[in-house]
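Novice: First the structure, which I've put down as structure tokens, then a few questions once you've had a look.
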Amino acid sequence: MPTYTAPTRDTRFIVNEVLDLASYGNLPGFENASPDMIDTVINEAGKFCAEVLAPINQAGDEHGCTRHEDGSVTTPPGFKEAYQAYVESGWGTLAQPEEFGGQGLPHVLGFVLEEYTGTANQAFAMYPGLTAGAISAILAKGSDEQKAMYVPKMISGEWSGTMNLTEPHCGTDLGMIRTKAVPNGDGTYAITGTKIFISAGEHDLTSNIIHLVLAKTPGAPDSTKGISLFIVPKFLLDADGNPAERNGVTCGSIEKKMGIHGNATCLLNYDGATGYMVGEENKGLAAMFIMMNAARLGVGIQGYAQAEVAYQNAVNYALDRRQGRALTGPADPAAKADPIFVHPDVRRMLMDAKVFTEAMRALCLWGALQVDLTHKAQTAEEREMADMLIGLMTPVIKGYGTDKGYDIANNMQQVYGGHGYVREWGMEQFVRDSRIAMIYEGANGVQAMDLCGRKLAMNGGKAIQAFFAMIDEEIAAAKQDETLKPIAERLEKALGEQKAATMWFMQNAMANPNHLGAGAHHYMHIMGIVTLGFFWLKMAKVAAAKLVGEPEDKAFYEAKLVSANYYAERFLPDAGALRRKLEAGSDYMMKLPAEAFATAA
């Protein structure tokens with residue numbers, strides 16, 4: 038059975054030393070985030086996820102969710118008890134606003150919890166994760182009455198939430214949705230239609246489920262400009278705000294899918310269900326994207342979370358499994374074979390996993406800080422900068438993070454050899470579970486096009502120029518330090534590749550938009566490589582400063598410097614190859630006619 042240990046030491050390093058969260062103590066919500074409070078949250082969250090959620094992960098995958106004849110769904114054994122423990126411990130309230138029952142702590146600590154829950158049990162983590170996204174949409178666009186009616190019980194965990202976008206005939210192209218919302222004459226709407234792939238769409242964990250549903254009112258434009266957003270609760274509320282009459286929404290089936298079996302991915306049928314419009318008519322997509330952007334950051338975390346748990350187990354296996362001898366001579370002459378940990382190719386896979394997960398953790402926690410600063414920074418300029426940066430980085434976190442997270446999980450399965458292909462070891466579950474993160478909340482090709490087609494040009498390129506300036510400044514300072522200089526110089530070269538790729542787009546994409554589409558995936562990966570290099574430089578800077586003295590955990594900081602140099606040598610050069618692919622354009626990619634792809638008999 039696979040195991041999980043929350044990486045609390047590494048988390049504390051990033052939160053306390055790299056991000057220096059305590060220095061933001063003058064901002065709202067940060068005043069209670071003292072170093073002691075931060076350490077307590079990190080340690081207790083890690084303990085809860087390792088002891089309560091991880092042990093039911095494999096069994097939850099094997100058992101899955103069960104739909105009954107009446108359309109109700111039960112979650113796997115242990116999930117209901119684990120969810121109750123999650124609620125009673127107040128984990129869902131961590132970063133939610135105090136006025137609705139939350140603790141009001143920074144999003145950084147909320148992201149720590151998201152990582153740990155997603156690593157320990159991704160299928161379970163999706164239930165509270167989707168609720169948090171629904172809360173954010175209602176808080177941003179809902180009426181005061183809607184906020185008071187739904188948000189407190191969603192924050193407490195008594196009720197859960199979902200997002201309903203996809204329909205059988207349309208996914209990304211939401212302008213094609215057919216779900217109808219017909220006015221009832223009393224301010225409510227009758228919602229009719231079918232939604233598919235609805236994660237946590239029906240289950241037995243909470244007493245009510247608050248669905249957020251995209252639909253079109255009569256006469257609305259037949260495009261994304263005609264979409265409205267509705268709250269459609271599973272149970273309608275009585276005069277006291279408690280669940281009463283069952284609404285007209287039922288689970289028609291549960292998808293038989295590749296992974297995340299412990300989460301109920303449902304087909305939901307809406308048959309004249311009572312719905313309540315959120316925000317303005319025909320402005321639903323903007324409201325839903327508030328939830329989508331929050332979800333995309335959460336999915337980015339899932340990408341490295343599955344890589345993390347796969348890595349932990351692969352390390353344990355590599356230290357225990359004996360095959361062959363070290364190339365430099367027997368490492369353990371008394372035994373018949375050495376642990377496979379001594380083989381360079383195994384080390385390559387393990388080092389790749391280590392440097393990816395640690396840098397992605399830093400990036401995501403930094404991203405959470407930008408979310409906080411967007412709302413709470415002291416000046417308008419600081420708030421605007423934080424908003425620009427997290428907007429720019431969201432498709433990179435989601436797209437690059439999950440592409441590489443899946444690759445890493447695959448390689449950790451490879452460390453096991455044939456045992457990795459056998460279910461009892463648990464590695465194949467990590468691979469299966471990680472695969473969905475590249476698809477949902479906007480497939481990664483969509484993320485790449487969002488980055489290159491929208492975010493690069495946003496505000497006249499102000500965001501990407503700010504990104505370049507931020508990294509240039511870090512490089513310039515690091516080049517003055519002999520310990521950091523080799524890392525900084527390699528990062529500078531990789532950043533130059535990204536700048537050149539950006540310029541190529543500017544010069545060629547307008548004339549032929551297919552050039553942009555053909556290179557978007559490569560650009561997203563270039564930016565991901567550069568961004569993680571930036572965070573390795575920042576982590577190396579902190580580690581080098583610590584090693585000037587004699588820190589208690591000297592080996593920890595020494596490992597950070599070794600890892601930073603490994604990343605600089607092994608990952609940053611890929612930016613150049615990807616730029617050359619990008620600059621090949623789209624001519625040969627788009628040249629063959631469709632019939633040329635058919636297989637001849």
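Start counting the sequence shown at 38; every next residue gets the next number (this note's numbering).
A virtual CB, placed ideally from N, CA and C, is assigned to each residue, including glycine.
A quick note: this is a predicted structure, and the numbers were derived from the prediction, not measured.
Grab the span of the alpha helix (DSSP H) containing serine 173 for me, first residue to last.
Specialist: 159 to 178
Novice: Grouping DSSP H, G and I as helix and E and B as strand, with all else coil, what is alanine 252?
Specialist: strand
Novice: Taking the beta strand (DSSP E) that asparagine 306 falls in, what are its first and last residues?
Specialist: 302 to 315
Novice: Could you spell out the range, first to last residue, of the beta strand (DSSP E) harbouring tryptophan 196?
Specialist: 196 to 201
Novice: For methionine 464 versus aspartate 440, is the C-beta distance shorter than 8 Å?
Specialist: no
Novice: Exposed or buried, glutamate 534, counting other C-beta atoms within 10 Å across all chains shown (16 or more means buried)?
Specialist: Buried, because 16 or more other Cβ atoms sit within 10 Å of the Cβ of glutamate 534.
Novice: Please classify isoleucine 264: does DSSP put it in a helix, a strand, or coil?
Specialist: coil
Novice: What's the gap between the Cα of glutamate 152 and the Cα of glutamine 339?
Specialist: 7 Å
Novice: Roughly how far, in whole angstroms, is the beta-carbon of leucine 90 from the beta-carbon of threonine 154, given that I think they are within contact range, below 8 Å?
Specialist: 6 Å
Novice: I'd like the span of the alpha helix (DSSP H) that includes arginine 491, first residue to last.
Specialist: First-last for arginine 491: undefined, no H or E at that position.
Novice: Between methionine 627 and the rest of its own chain, which residues show a CB-CB distance below 7 Å, the 5 nearest in sequence each way excluded?
Specialist: Asn551
Novice: With a 10 Å radius around its C-beta and 16 neighbouring C-beta atoms as the bar for buried, classify proline 143 as buried or exposed.
Specialist: buried
Novice: Is it buried or exposed, asparagine 69, if we count other Cβ atoms within 10 angstroms and call 16 or more buried?
Specialist: It counts as exposed.
Novice: Please confirm if the stretch 601 to 619 is in contact with the stretch 567 to 575, defined as three or more CB-CB distances below 8 Å between the two stretches.
Specialist: At 8 Å Cβ cutoff, the stretches touch.
Novice: Is it buried or exposed, phenylalanine 67, if we count other Cβ atoms within 10 angstroms and call 16 or more buried?
Specialist: By the C-beta density criterion, phenylalanine 67 is buried, having at least 16 other C-beta atoms within 10 angstroms.
Novice: Evaluate the contact criterion for the stretch 126 to 135 versus the stretch 389 to 398: three or more CB pairs, one atom per stretch, below 8 Å.
Specialist: no
Novice: Between the Cα of phenylalanine 85 and the Cα atoms of Leu304, Tyr348 and Thr156, which residue gives the shortest distance?
Specialist: Thr156
Novice: Could you spell out the range, first to last residue, of the beta strand (DSSP E) harbouring arginine 283?
Specialist: 280 to 283
Novice: Kindly list the residues whose CB is nearer than 8 Å to the CB of alanine 368, restricted to its own chain and excluding five residues on each side of it in sequence; keep chain order.
Specialist: Cβ-Cβ distances below 8 Å link alanine 368 to Arg362, Asp375, Pro376 and Val379 in the same chain, with the five nearest sequence neighbours on each side left out; the list follows chain order.
Novice: Bridge partners of tyrosine 226, per DSSP?
Specialist: Pro220 and Gly312
Novice: Return the Cβ separation of leucine 364 and leucine 569 in integer angstroms, given the expectation that the two are a contact with Cβ distance under 8 Å.
Specialist: Actually they are not in contact, since the Cβ atoms of leucine 364 and leucine 569 sit about 29 Å apart, beyond 8 Å.
Novice: Pick from Asp308, Tyr313, Lys492 and Lys618: whose alpha carbon is nearest that of tryptophan 541?
Specialist: Ranking Asp308, Tyr313, Lys492 and Lys618 by Cα distance to tryptophan 541 puts Lys618 first.
Novice: Would serine 60 be called buried (16 or more neighbouring beta carbons within 10 Å of its own) or exposed?
Specialist: The residue in question, serine 60, is exposed, as its Cβ has fewer than 16 Cβ neighbours within 10 Å.
Novice: If asparagine 350 and proline 39 are in contact, beta carbons under 8 Å, what's the gap, nearest whole angstrom?
Specialist: 5 Å
Novice: On the criterion of 16 or more Cβ atoms from any shown chain inside 10 Å, does methionine 191 qualify as buried, or is it exposed?
Specialist: buried
Novice: So the beta strand (DSSP E) threonine 568 belongs to, where does it begin and stop?
Specialist: Not the beta strand (DSSP E): threonine 568 falls in the alpha helix (DSSP H), residues 550 to 583.
Novice: Which residues does DSSP pair with leucine 274 in a beta bridge?
Specialist: Pro280
Novice: Are threonine 229 and aspartate 308 touching if we call contact CB-CB under 8 Å?
Specialist: yes
Novice: Can you tell me the Cα-Cα spacing of proline 270 and glutamine 159, whole angstroms?
Specialist: 25 Å
Novice: For arginine 333, which beta-bridge partners are listed by DSSP?
Specialist: Looking at the DSSP assignment, arginine 333 forms no beta bridge with any residue, so it has no partner.
Novice: With a threshold of 16 other CB atoms inside 10 Å of the CB of glutamate 511, please say whether the residue is buried or exposed.
Specialist: Answer is buried; the Cβ neighbour count reaches 16.
Novice: In this structure, what does DSSP give as the bridge partners for asparagine 245?
Specialist: Note: asparagine 245 sits in a beta bridge opposite Trp196.
Novice: Quick one: using the 10 Å Cβ neighbour count with 16 as the cut-off for buried, is threonine 636 buried or exposed?
Specialist: Taking every protein chain shown into account, the CB of threonine 636 has fewer than 16 other CB atoms within 10 angstroms, so this residue is exposed.
Novice: Between the alpha carbons of aspartate 76 and threonine 168, how many angstroms are there, rounded?
Specialist: 26 Å
Novice: What residue range does the beta strand (DSSP E) around isoleucine 214 cover?
Specialist: That residue, isoleucine 214, is in no beta strand (DSSP E); it is neither H nor E in DSSP.
Novice: Identify which residue in Ser471, Thr231 and Gly404 has its Cα closest to the Cα of glycine 289.
Specialist: Cα-wise, what sits closest to glycine 289 is Thr231.
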